[in-house]
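Peer 1: Residue numbers (UniProt numbering): 1 to 212. For glycine and all other residues, C-beta sits at the position ideal for the given N, C-alpha and C. Nothing here was measured: the structure is a model prediction, and the numbers come from that model. Right, I'll just put the structure down here and ask away after.
Structure representation (structure tokens):
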């Protein structure tokens, strides 16, 4: 259906874009909005597979994902970076100089520079201890990254721990500074910080959690 916009009071959604450079969107995933300009930074996780073929993206090492920008002034979509392996969540930095993109596979976060001497460069920000989903600013200059699942344990015969990682906080430089754990079986798609609370979302649960 494409990139869509809904007003603050709800109502019918407005379709903003359905393709970029002649290639239709197949699996739009994460996005963030520049509150100063209205520009939207978002990901198309694969040019070959829609959401329901999530497993095929991983098993076939699909690397046709894209990082995109919707310009609120011109109404045009620009491909910022192509041929990406499973780009997922995206978040604009506090100073608006770059966006952080989580790659579900290979469990990494990258940074795309929008401004400054590195503008246009795509560089590794952090290796992650699990398979990431969404990324959100933490209010301190860093980012929360939700983890759908931890990386496989090396010792498969060891008993699974009662708790497992579901999120990590990264500093602005990509250093892991905090971990969030939950009971085995709980998976998160979102960790959003507001004040002294964390709002938690999951594609597998029918409620929103609050961690205070």
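#1: How close, in whole Å, do the beta carbons of residue 48 and residue 62 come, if the pair is a contact with beta carbons under 8 Å?
#2: To the nearest angstrom, how far is it from the Cα of residue 212 to the Cα of residue 79?
#3: Less than 7 Å separating the beta-carbons of residue 89 and residue 135?
#4: Would you mind sorting residue 204 into buried or exposed? The rule is 16 or more other CB atoms within 10 Å of its CB.
#5: Sorted by chain position, which residues of the same chain lie with C-beta nearer than 6 Å to residue 10's C-beta, five sequence neighbours on each side aside?
#6: Using the rule of at least 16 other Cβ atoms within 10 Å of the residue's Cβ for burial, across every protein chain shown, is residue 154 buried or exposed?
#7: Helix, strand or coil, according to DSSP, for residue 1 in the structure here?
#8: Considering only the alpha carbon of each residue, which of 162, 125, 163 lies closest to residue 145?
#9: Can you tell me whether residue 184 is helix, strand or coil according to DSSP?
#10: By Cβ distance, which residues of its chain are closer than 6 Å to residue 139, with the 5 residues on each side in sequence left out?
#11: Would you tell me roughly how many angstroms separate the C-alpha atoms of residue 137 and residue 52, rounded to the nearest one?
#12: So, at 7 Å on beta carbons, what are the nonlocal neighbours of residue 199 in its own chain, with the 5 sequence-adjacent residues on each side left out?
Peer 2: The answer reads as follows:
#1: 6 Å
#2: So the alpha carbons of these two residues sit roughly 38 Å apart.
#3: yes
#4: So residue 204 counts as exposed.
#5: So no residue of the chain qualifies.
#6: Note that residue 154 scores 48 on pLDDT, short of 50, meaning its location in the model is unreliable and no value can be drawn from it.
#7: coil
#8: 125
#9: In this structure, residue 184 counts as coil in the three-state DSSP scheme.
#10: 193
#11: 28 Å
#12: 192, 208, 210
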